[in-house]
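Student: Chains as they are written, first to last, in UniProt numbering: chain A, 1 to 205; chain B, 1 to 205; chain C, 1 to 205; chain D, 1 to 205.
Even glycine gets a Cβ: it sits at the ideal position worked out from N, Cα and C.
Nothing here was measured: the structure is a model prediction, and the numbers come from that model.
Below is one structure. I have some questions about it.
Protein chains: 4
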Amino acid sequence: MAQLSRKEQASATREKLLITAKNLFAEMGYHGTPVRAITRQIQKGDGILYHYFPGGKQEIMSVLLRESFEHRVQEIKQLTNETIEHLPLRDALLVILGKINELFLDDLDLMRILFRENELFDLEEAKQLSVLMSEQVESIAEFLRRRHARGEIRFMNFTFAARQLLSIWMQHSFSCIVGIKVVTAPDVSAYLEEMVDFTVSLWQA
Amino acid sequence: MAQLSRKEQASATREKLLITAKNLFAEMGYHGTPVRAITRQIQKGDGILYHYFPGGKQEIMSVLLRESFEHRVQEIKQLTNETIEHLPLRDALLVILGKINELFLDDLDLMRILFRENELFDLEEAKQLSVLMSEQVESIAEFLRRRHARGEIRFMNFTFAARQLLSIWMQHSFSCIVGIKVVTAPDVSAYLEEMVDFTVSLWQA
Amino acid sequence: MAQLSRKEQASATREKLLITAKNLFAEMGYHGTPVRAITRQIQKGDGILYHYFPGGKQEIMSVLLRESFEHRVQEIKQLTNETIEHLPLRDALLVILGKINELFLDDLDLMRILFRENELFDLEEAKQLSVLMSEQVESIAEFLRRRHARGEIRFMNFTFAARQLLSIWMQHSFSCIVGIKVVTAPDVSAYLEEMVDFTVSLWQA
Amino acid sequence: MAQLSRKEQASATREKLLITAKNLFAEMGYHGTPVRAITRQIQKGDGILYHYFPGGKQEIMSVLLRESFEHRVQEIKQLTNETIEHLPLRDALLVILGKINELFLDDLDLMRILFRENELFDLEEAKQLSVLMSEQVESIAEFLRRRHARGEIRFMNFTFAARQLLSIWMQHSFSCIVGIKVVTAPDVSAYLEEMVDFTVSLWQA
DNA sequence: GATGAATGAGATTTCATTCAT
DNA sequence: AATGAATGAAATCTCATTCAT
Numbered sequence: 001m002a003q004l005s006r007k008e009q010a011s012a013t014r015e016k017l018l019i020t021a022k023n024l025f026a027e028m029g030y031h032g033t034p035v036r037a038i039t040r041q042i043q044k045g046d047g048i049l050y051h052y053f054p055g056g057k058q059e060i061m062s063v064l065l066r067e068s069f070e071h072r073v074q075e076i077k078q079l080t081n082e083t084i085e086h087l088p089l090r091d092a093l094l095v096i097l098g099k100i101n102e103l104f105l106d107d108l109d110l111m112r113i114l115f116r117e118n119e120l121f122d123l124e125e126a127k128q129l130s131v132l133m134s135e136q137v138e139s140i141a142e143f144l145r146r147r148h149a150r151g152e153i154r155f156m157n158f159t160f161a162a163r164q165l166l167s168i169w170m171q172h173s174f175s176c177i178v179g180i181k182v183v184t185a186p187d188v189s190a191y192l193e194e195m196v197d198f199t200v201s202l203w204q205a
Numbered sequence: 001m002a003q004l005s006r007k008e009q010a011s012a013t014r015e016k017l018l019i020t021a022k023n024l025f026a027e028m029g030y031h032g033t034p035v036r037a038i039t040r041q042i043q044k045g046d047g048i049l050y051h052y053f054p055g056g057k058q059e060i061m062s063v064l065l066r067e068s069f070e071h072r073v074q075e076i077k078q079l080t081n082e083t084i085e086h087l088p089l090r091d092a093l094l095v096i097l098g099k100i101n102e103l104f105l106d107d108l109d110l111m112r113i114l115f116r117e118n119e120l121f122d123l124e125e126a127k128q129l130s131v132l133m134s135e136q137v138e139s140i141a142e143f144l145r146r147r148h149a150r151g152e153i154r155f156m157n158f159t160f161a162a163r164q165l166l167s168i169w170m171q172h173s174f175s176c177i178v179g180i181k182v183v184t185a186p187d188v189s190a191y192l193e194e195m196v197d198f199t200v201s202l203w204q205a
Numbered sequence: 001m002a003q004l005s006r007k008e009q010a011s012a013t014r015e016k017l018l019i020t021a022k023n024l025f026a027e028m029g030y031h032g033t034p035v036r037a038i039t040r041q042i043q044k045g046d047g048i049l050y051h052y053f054p055g056g057k058q059e060i061m062s063v064l065l066r067e068s069f070e071h072r073v074q075e076i077k078q079l080t081n082e083t084i085e086h087l088p089l090r091d092a093l094l095v096i097l098g099k100i101n102e103l104f105l106d107d108l109d110l111m112r113i114l115f116r117e118n119e120l121f122d123l124e125e126a127k128q129l130s131v132l133m134s135e136q137v138e139s140i141a142e143f144l145r146r147r148h149a150r151g152e153i154r155f156m157n158f159t160f161a162a163r164q165l166l167s168i169w170m171q172h173s174f175s176c177i178v179g180i181k182v183v184t185a186p187d188v189s190a191y192l193e194e195m196v197d198f199t200v201s202l203w204q205a
Numbered sequence: 001m002a003q004l005s006r007k008e009q010a011s012a013t014r015e016k017l018l019i020t021a022k023n024l025f026a027e028m029g030y031h032g033t034p035v036r037a038i039t040r041q042i043q044k045g046d047g048i049l050y051h052y053f054p055g056g057k058q059e060i061m062s063v064l065l066r067e068s069f070e071h072r073v074q075e076i077k078q079l080t081n082e083t084i085e086h087l088p089l090r091d092a093l094l095v096i097l098g099k100i101n102e103l104f105l106d107d108l109d110l111m112r113i114l115f116r117e118n119e120l121f122d123l124e125e126a127k128q129l130s131v132l133m134s135e136q137v138e139s140i141a142e143f144l145r146r147r148h149a150r151g152e153i154r155f156m157n158f159t160f161a162a163r164q165l166l167s168i169w170m171q172h173s174f175s176c177i178v179g180i181k182v183v184t185a186p187d188v189s190a191y192l193e194e195m196v197d198f199t200v201s202l203w204q205a
């Protein structure tokens, strides 16, 4: 292992704290994770967490949410339509949903916590997520409009259509998170595909 | 006030415990509600809760969920299609969703807790809720089939159509519960109506 | 040992907490006394203190001060001049100062704490003590006036004279408390007597 | 600003530490002041305090007390009677008390701390203060003797008289420090003057 | 001279639960 | 049926101090 400068080591410790906290919060919940569990896992003293996050447990959670959110925003904004413009409609939609899904699954644990303990944190995170979803709706509506221009789907309220599509995905995701499902089928991965095909078929008629 | 028999008194205390617990859990969360807050509000000693619910805090929460769930099941099962059979399609669907909504809003707080602390309680409740939703999907699909038979909507995969409809509602409800919304519009009450109309219009084409 | 009813035992525990806290605070200071030291000394669990004093360490200190103060007020008010009316002046004054001294020495430890940590507690206690001292000044002035009427001392501003007397005592007491003395003589007990005699001699001239 | 040599810089840092510590101790108490508050205020690292004061927090407090005390001793010793020898008695006494008062008020905060935490530090400081006061008593007694020789006051035990005078001042000062006053009058500044006049009048009779 | 990462003992407090009465 | 005294593990957080750099 390379010799690390003090600054590098400090930043590494901070990072370890964040990662460990995220994992433990995911595994045992925010309330279920004692601060000690975090510090002990990185084999440091009890106080180290307060050295990097003077606000304690709450602050480390806040930082986790903020960082995850910022990453998500950046990724979704980069989801340019160019890469999907030439794909068949259903494939394009699946790519979009898949990409969104990926982003959420990426930090599914964090989402889970945000949902579960959502009163703990100032609702800022939730609000930002709302805005993000709204923007996404409009972006998809725009995409559908272009497909209509190409004659692939009929004319309709494209914003509503986009919402319909996102509903399917969101309901599916929320269900996974909270453990209540509409579909008790074993093959949950195919669910989205099925529903997208069905929806597109309605749009084409 | 009439003198209560011992049995009635006991039962009254048990009931008071349940109601008080539900209110406090809703207000301050399950973790945020000390057992003492419950017993003190009904002006009884600390131990009384364990007399009626030997399993303690967890048990009282379980009972609350179970009772609420049983009530919900009963109500939804009574949601006979007969009463809506003669209504226009979009009205009938709105009645169905409205009824489901009503049932959930009825104990929105409990739902919130079920979502938030869903790993605390054995997932039995969540599973039952899943089954309930699946049954509901089939029931709606059946209803749509009948409407198709009447020539009101075209032929399609009615199960998928029912899922699509429920997705809209579920996404909406979950969003309310966790505070993340796709629509930041001020008039949220009209949202469901709009989306149902849109969906029905697709089914009719 | 007689069998105690539950209520008696509870009250005994509360009392034990107060006494133990007082002793430990006196010995090691308020800050220097962990709550655990108190509960361990009475061989009870950590939480018992919070059962009787929900406000914790601060509350137990407050209660100690309040109770001590109430006792002191009561005693000083009962210090009727009747019992000293017939004594020679210097003896009467020594009785008064001795009585006051006794009252303070009674809870010298508490006084020490009140002085030392006086910013901790709302200044109510200190204010009340001030009022008490002022009243005492007037009471002594009144007594001196009567002695003047009897021709034992000359005419003068009796309030000032009373202050002068109390100054001697207070300075002496404060000195004992904080450990700074004007007199480094070994026989501190004779100090007050000497000074009273000196002062009276001035009044008589 | 002139470039400071290393020695000057070091000494400046040490001085900054002392001044900052004194202010913070005064403001928040010894226990209430974390070492970090001091080092952060002078924008240095955590360890710097231990560089200049290896004994840590305790040592810096000790040094503060010692320096303040040395300054006080020096000043009081310079309080030569020559400057007051020609003044009227009451004015001369007021000058003496005023000078002593000034010296104490100068570092009232430090006095306050010395009183509050007097068991923390070895009692050396308190003892020295005691000796200082005793010497002062004798010095005043000597002064009174000279005034008696001039026929301004009658013969009496001048040591006792000096004690009586200092009592008035000490009680007043202590009262200010701990917040317990004999006089609740609004004009506290006149208190000393009144009492001195009263005492002198007794000496003259 | 100076830094600040790291320590870890220890402090206060909470609270679900038990059980003798 | 009811009480509430007592428990004690556990949780969060503070802070004087050390020491490698």
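Mind pulling the chain A residues with CB within less than 7 angstroms of His86 of chain B?
Tutor: Your numbering for residue 86 of chain B matches position 86 in the second sequence. Residues of chain A passing the Cβ test: none, with the nearest at roughly 26 angstroms.
Student: Quick one: residues in its chain with C-beta nearer than 6 angstroms to the C-beta of Ile48 of chain B, no 5 flanking neighbours on either side, listed in chain order?
Tutor: Residue numbering aside, residue 48 of chain B sits at position 48 when the second sequence is read from its first letter. Answer for Ile48 of chain B: Thr39, listed in chain order.
Student: Quick one: which unbroken alpha helix (DSSP H) runs of 4-plus residues sit fully inside the stretch 45-115 of chain A? Chain order, please.
Tutor: The qualifying runs are 48-52, 56-77, 89-106.
Student: Take Leu165 of chain D as the anchor and find which of D:Arg146, D:Gly56, D:Lys22, D:Leu202 has the nearest alpha-carbon.
Tutor: Numbered from 1 along the fourth sequence, position 165 holds the residue referred to as residue 165 of chain D. When only C-alpha atoms are compared, the closest one is D:Leu202.
Student: Using the Cβ count rule (16 or more neighbours within 10 Å means buried), how would you classify Ala92 of chain B?
Tutor: In the second sequence, the residue the question calls residue 92 of chain B occupies position 92. Label assigned to Ala92 of chain B: buried.
Student: Which of helix, strand or coil does DSSP assign to His31 of chain D?
Tutor: Reading the fourth sequence from its first residue, position 31 is the one you call residue 31 of chain D. In this structure, His31 of chain D counts as coil in the three-state DSSP scheme.
Student: If you measure beta-carbon to beta-carbon, which residues of the stretch 190-202 of chain C are closer than 8 angstroms to chain D?
Tutor: Listed in sequence order: Glu194, Met195, Phe198, Thr199, Ser201, Leu202.
Student: Give the secondary structure of Met1 of chain C by DSSP, where H, G and I count as helix, E and B as strand, and everything else as coil.
Tutor: Reading the third sequence from its first residue, position 1 is the one you call residue 1 of chain C. In this prediction, Met1 of chain C scores a pLDDT of 42, lower than 50, which makes its location untrustworthy; the coordinate-derived value is nonetheless stated afterwards. Coil.
Student: To the nearest angstrom, how far is it from the Cα of Val35 of chain C to the Cα of Gln58 of chain C?
Tutor: Translated into positions along the third sequence, residue 35 of chain C becomes position 35. Translated into positions along the third sequence, residue 58 of chain C becomes position 58. Each residue's Cα considered, the two are about 10 angstroms apart.
Student: Determine whether the beta carbon atoms of Ile84 of chain A and Ile96 of chain A lie at a separation below 8 angstroms.
Tutor: For the purposes of this step, residue 84 of chain A is identified with residue 84 of the first sequence, where counting begins at 1. For the purposes of this step, residue 96 of chain A is identified with residue 96 of the first sequence, where counting begins at 1. In contact: Ile84 of chain A and Ile96 of chain A (Cβ atoms closer than 8 angstroms).
Student: Cα separation between Ile19 of chain B and Ile60 of chain B?
Tutor: For the purposes of this step, residue 19 of chain B is taken as residue 19 along the second sequence, with counting starting at 1. For the purposes of this step, residue 60 of chain B is taken as residue 60 along the second sequence, with counting starting at 1. If you take the alpha carbons of Ile19 of chain B and Ile60 of chain B, they lie about 10 angstroms apart.
Student: Nearest to Glu194 of chain B by alpha carbon, out of B:Asn157, B:Arg66, B:Ser175, B:Trp169?
Tutor: The count along the second sequence starts at 1 and reaches residue 194 of chain B at position 194. When only C-alpha atoms are compared, the closest one is B:Trp169.
Student: Met170 of chain A lies in the alpha helix (DSSP H); which residues open and close that run?
Tutor: The residue labelled residue 170 of chain A in the question sits at position 170 within the first sequence. It spans 158-178 - the alpha helix (DSSP H) in which Met170 of chain A sits, taken as one unbroken run.
Student: Quick check on the burial criterion: 16 or more other C-beta atoms within 10 angstroms. Buried or exposed for Ser11 of chain D?
Tutor: Locating residue 11 of chain D in the fourth sequence gives position 11, where the first residue counts as 1. Classification for Ser11 of chain D: exposed.
Student: Compute the Euclidean distance between the alpha carbons of His31 of chain C and Glu67 of chain A, then round it to the nearest angstrom.
Tutor: For the purposes of this step, residue 31 of chain C is identified with residue 31 of the third sequence, where counting begins at 1. For the purposes of this step, residue 67 of chain A is identified with residue 67 of the first sequence, where counting begins at 1. Answer to the nearest angstrom: the Cα atoms are 41 angstroms apart.
Student: Comparing the C-beta of Gln164 of chain B with each C-beta of chain A, is any distance below 8 angstroms?
Tutor: Counted from its first residue, the second sequence places residue 164 of chain B at position 164. For Gln164 of chain B, the answer is yes, since a Cβ of chain A falls inside 8 angstroms of its Cβ.
Student: Mind checking the stretch 145-171 of chain A against chain B and listing, in chain order, the residues whose C-beta falls within less than 8 angstroms of any C-beta there?
Tutor: Flagged, chain order: Arg154, Met156, Asn157, Phe160, Ala161, Arg163, Gln164, Leu166, Ser167, Ile168, Met170, Gln171.
Student: Output, in chain order, the set of chain C residues within a Cβ distance shorter than 7 angstroms of Phe69 of chain D.
Tutor: Taking the fourth sequence and counting its residues from 1, one reaches residue 69 of chain D at position 69. The contacting residues do not exist; Phe69 of chain D stays about 12 angstroms from chain C at best.
Student: How about Val178 of chain A and Leu94 of chain A: are their beta carbons less than 8 angstroms apart?
Tutor: Start at 1 with the first residue of the first sequence, and residue 178 of chain A comes out as number 178. Start at 1 with the first residue of the first sequence, and residue 94 of chain A comes out as number 94. Going by C-beta atoms, Val178 of chain A is not nearer than 8 angstroms to Leu94 of chain A.
Student: Around the C-beta of Lys77 of chain A, are 16 or more other C-beta atoms found within 10 angstroms, so that it is buried, or is it exposed?
Tutor: The sequence position of residue 77 of chain A within the first sequence is 77, counting from 1. With fewer than 16 Cβ atoms within 10 Å of its Cβ, Lys77 of chain A is classed as exposed.
Student: Could you tell me if Ser167 of chain A is buried or exposed, where buried requires 16 or more neighbouring beta carbons within 10 angstroms of its beta carbon?
Tutor: Counting from one through the first sequence, the residue named residue 167 of chain A turns up at place 167. Counting Cβ neighbours within 10 Å, Ser167 of chain A comes out buried, since at least 16 surround it.
Student: So with CB distances below 7 angstroms, who are the chain B contacts of Phe104 of chain A?
Tutor: As a position in the first sequence, residue 104 of chain A is number 104, starting the count at 1. Here the premise fails: no neighbours, minimum Cβ distance about 11 angstroms.
Student: With a threshold of 7 angstroms on Cβ separation, who are the neighbours of Arg163 of chain A within its own chain once the five nearest residues in sequence on each side are excluded?
Tutor: Within the first sequence, numbered from 1, the residue matching residue 163 of chain A stands at position 163. The answer, listed in chain order, is Val137.
Student: Verify the CB distance criterion: does Ala37 of chain D have a CB-CB separation below 8 angstroms to chain C?
Tutor: As a first step, residue 37 of chain D must be located in the fourth sequence, where it is residue number 37. Not an interface residue.
Student: Any residues in the stretch 36-61 of chain C with a beta carbon nearer than 9 angstroms to a beta carbon of chain D? Which ones, in chain order?
Tutor: From the stretch 36-61 of chain C, no residue has a Cβ closer than 9 angstroms to chain D.
Student: Any idea if Leu17 of chain C is buried or exposed, counting beta-carbon neighbours within 10 angstroms, 16 or more meaning buried?
Tutor: Within the third sequence, numbered from 1, the residue matching residue 17 of chain C stands at position 17. Counting Cβ neighbours within 10 Å, Leu17 of chain C comes out buried, since at least 16 surround it.
Student: Using a C-beta to C-beta distance shorter than 7 angstroms, which residues of chain A count as neighbours of Phe143 of chain B?
Tutor: As a working note, residue 143 of chain B is residue 143 in the second sequence. None at all; the shortest Cβ gap to chain A is about 16 angstroms.
Student: Thinking C-beta only, is Leu110 of chain B closer than 8 angstroms to Lys22 of chain B?
Tutor: Your numbering for residue 22 of chain B matches position 22 in the second sequence. Your numbering for residue 110 of chain B matches position 110 in the second sequence. Yes; because the gap between Cβ atoms is below 8 angstroms, this pair is in contact.
Student: Given that a residue counts as buried once 16 or more other Cβ atoms are within 10 Å of its Cβ, and exposed if not, what is Pro54 of chain C?
Tutor: As a first step, residue 54 of chain C must be located in the third sequence, where it is residue number 54. Exposed, because fewer than 16 other Cβ atoms sit within 10 Å of the Cβ of Pro54 of chain C.
Student: Can you give the beta carbon distance from Leu129 of chain D to Phe69 of chain D, rounded, assuming they're within the 8 angstroms contact cut?
Tutor: For the purposes of this step, residue 129 of chain D is identified with residue 129 of the fourth sequence, where counting begins at 1. For the purposes of this step, residue 69 of chain D is identified with residue 69 of the fourth sequence, where counting begins at 1. About 7 angstroms; that satisfies the 8 angstroms criterion.
Student: Beta-carbon within less than 6 angstroms of Gln75 of chain B's beta-carbon, same chain only, minus the 5 sequence neighbours each way: which residues are those?
Tutor: Here residue 75 of chain B refers to the residue found at position 75 when the second sequence is read from its first residue. Checking the sequence shown, residue 75 of chain B turns out to be Glu, not Gln. Excluding residues within five positions, the ones whose Cβ falls inside 6 angstroms are Leu103.
Student: Just to check my reading of the structure: His172 of chain D and Leu192 of chain D have Cβ atoms closer than 8 angstroms, yes? What is that Cβ distance to the nearest angstrom?
Tutor: Residue numbering aside, residue 172 of chain D sits at position 172 when the fourth sequence is read from its first letter. Residue numbering aside, residue 192 of chain D sits at position 192 when the fourth sequence is read from its first letter. Right, their Cβ atoms sit about 6 angstroms apart.
Student: Return the chain-ordered list of same chain residues with a C-beta closer than 6 angstroms to the C-beta of Ile42 of chain C, the five sequence neighbours on each side being excluded.
Tutor: In the third sequence, counting from the first residue as 1, residue 42 of chain C sits at position 42. The residues are Lys16, Thr20.
Student: Closest Cβ-Cβ distance between Met1 of chain D and chain C: below 8 angstroms?
Tutor: Translated into the one-based positions of the fourth sequence, residue 1 of chain D becomes position 1. Confidence is the limiting factor: at Met1 of chain D the pLDDT is only 47, short of 50, which leaves the residue's position unreliable and the question unanswerable from this model.
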